[in-house]
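Here is the structure we will look at, set down as structure tokens.
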Amino acid sequence: FGIVGRNGSGKSTLLKIISQIYVPEKGTVTVNGKLVSFIELGVGFNPELTGRENVYMNGAMLGFSTQEIDEMYDEIVDFAELHEFMNQKLKNYSSGMQVRLAFSVAIKARGDVLVLDEVLAVGDEAFQRKCNDYFLERKKSGLTTILVTHDMNAVKKYCNKAVLIEDGLIKVAGNVDKVANQYSLDNLKRLKATQEDSSEEVEEFVSDLKVNLLSPVQTTPEQSIKFEISYNVKQDIQTYVAFSLTDADRNIWIYNDNSMDYLTEGQGEKRAVYECKLDQVNNLKLKLQVSVRNAKDEMVAYDTDEKIIIINRLDIPKDDLSAKDSASGLLLRNGDWNFG
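Per full-length UniProt numbering, the very first residue in the sequence shown carries number 1; after that it's consecutive.
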């Protein structure tokens, strides 16, 4: 679950309430299971203690018993890759080693709920790849991760749902793409207001963006996907349309295109029809996501009503087990076996 918003919007305050550092004046927070909070790197670590002693001390602060820490100790050290340094004092660790140990304790402490505040990009490149794999696995496992970040790519990659907070209030909640798009659009509007030296809200660039699916919602790889896009440009700018078709189950881009070579000029109503054929794909549930961008490749509007397209193969014989198995992949098979 991602929590995004400008600095001062209330993200970290909300995280500290969830982590029971702050007590809310109204309402309640219910946590089902063990909560592990990692709001600031190095909190709860003593430089005069060894790495091993710090693991046990920090684990105790997180609410784990000595026996529980015993069970997870090897896993923590393996993840941090600090086996030969665990009996040295923390003050002799490099900053990178301290980060790896602290982060490893937090994410390998087997918490049912993991709370993170802007601390995903830690350690060197190899350690970051390891962390990336961990968060993707955690997402698949169904365990809860609450992430505060300004990185919209991280929100889309690691979160199933998100919320955009503004001045302590929820502005947008739910779909991660919708939240990320609104956050990016708000930032662009604020940037334009700053450049124009105006304290007033900048007039929206584009309004009434609509996407109408002209082809069937349920289709086959042989049939075309066709849709119409219309929008109203309210300022004298150049615009183009960009879209993507994303595998809704795997959250992977399958296909994308844009009209960058056909920039539209000036204000007024714009309309375009797009048609393509994905004749190399298997059974898929696709999300159609559309945005309008300016000549600087800045998003100025996005479609909040994502369309779903379901592609079903009708050519698989019921008794062909091999074909049924291959249909679970993204692409149609086109290879041949040759046993020499």
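Positions of the beta carbon are idealized from the N, C-alpha and C atoms, including for glycine.
*Could you tell me whether the region 50 to 62 touches the region 77 to 89, using the rule of 3 or more Cβ pairs below 8 Å?*
yes
_Give me, in chain order, the residues of the same chain whose beta-carbon lies closer than 8 Å to that of Pro47; leave out the 5 immediate sequence neighbours on both sides._
Lys89, Leu90, Lys91
*If you draw a straight line from the C-alpha of Asp249 to the C-alpha of Leu284, how long is it?*
8 Å
*Are Ile311 and Val281 touching if we call contact CB-CB under 9 Å?*
yes
*Which residues in the same chain have their Cβ closer than 6 Å to the Cβ of Thr144, if we skip the five residues on either side of it in sequence?*
Val113
*State whether the region 133 to 142 contacts the region 22 to 33, with contact taken as three or more CB pairs (one from each stretch) at a distance under 8 Å.*
no
*For Val217, does the count of other Cβ atoms within 10 angstroms reach 16, so buried, or fall short, so exposed?*
exposed
*From the DSSP output, which residues share a beta bridge with Val290?*
Phe243
*Label Gln98 either buried or exposed according to how many other C-beta atoms from any shown protein chain fall within 10 Å of its C-beta, with 16 as the threshold for buried.*
buried
*Which first and last residues belong to the alpha helix (DSSP H) in which Phe319 is found?*
A quick correction: the sequence has Asp, not Phe, at residue 319. Careful: Asp319 lies outside any alpha helix (DSSP H) and carries neither H nor E.
_Expected contact under 8 Å - CB spacing of Ala162 and Phe38 to nearest Å_ = So it is not a contact: roughly 19 Å between Cβ atoms.
_Residue from Ala80, Leu169, His150 whose Cα sits closest to the Cα of Gln128_ = Ala80
*What span of residues does the beta strand (DSSP E) with Asn153 cover, start to end?*
Where Asn153 is concerned, there is no enclosing beta strand (DSSP E), although the alpha helix (DSSP H) it sits in stretches over 152 to 158.
*So what does Asn175 bridge to, in DSSP terms?*
Lys161
*Based on Cα-Cα distance, which residue from Leu185, Thr220, Leu321, Leu214 lies nearest to Phe205?*
Leu185
*Extent of the continuous alpha helix (DSSP H) run through Asp133*: 125 to 141
_Residues that residue 381 bridges to, as DSSP identifies them_ = In the structure displayed, the chain extends from 1 to 340; residue 381 sits before or after that span and is not available.
*Alpha carbon to alpha carbon, how far is Ser291 from Met152?*
16 Å
*Exposed or buried, Phe339, counting other C-beta atoms within 10 Å across all chains shown (16 or more means buried)?*
exposed
*asked:* So, with DSSP's three-state summary, where would you put Glu75?
replied: helix
*Go ahead and pull the three-state DSSP assignment for Phe205.*
coil
*Measure the C-alpha to C-alpha separation of residue 342 and Ala126 and round it to an integer number of angstroms.*
Residue coverage of the chain in this structure runs from 1 to 340, which leaves residue 342 outside it and unanswerable.
*Note down the Cα distance separating Lys296 from Asn181, rounded to an integer number of angstroms.*
16 Å
*asked:* For Lys171 and Thr304, which I take to be in contact (beta-carbon distance under 8 Å), what is that distance rounded to the nearest angstrom?
replied: Their Cβ separation, rounded to whole angstroms, is 13 Å, which puts Lys171 and Thr304 out of contact at 8 Å.
*Under the DSSP definition of a beta bridge, which residues are partnered with Trp253?*
Thr246
*By DSSP, does Asn54 sit in helix, in strand, or in coil?*
helix
*Got a sec? Which residues, its chain only, sit under 6 Å from Cys276 by beta carbon, not counting five neighbours each side?*
Ile225
*Residue range of the alpha helix (DSSP H) that Ser104 falls in?*
95 to 107
*asked:* If you reduce the DSSP assignment to three classes, tell me which class Ser215 lands in.
replied: coil
*Per DSSP, Met299 forms a beta bridge with which residues?*
Arg293
*Please name the residue or residues paired with Ser37 in a DSSP beta bridge.*
Val115
*With C-beta atoms as the reference, is Tyr274 less than 9 Å away from Ile229?*
yes
*Pairwise C-alpha distance: Val233 and Ile3*: 31 Å
*In the DSSP assignment, what are the bridge partners of Val281?*
Leu331
*Between the Cα of Tyr231 and the Cα atoms of Tyr302, Leu35, Ser215, which residue gives the shortest distance?*
Tyr302
_Let's see if you can read the secondary structure: which residues bound the alpha helix (DSSP H) around Leu14?_
11 to 18
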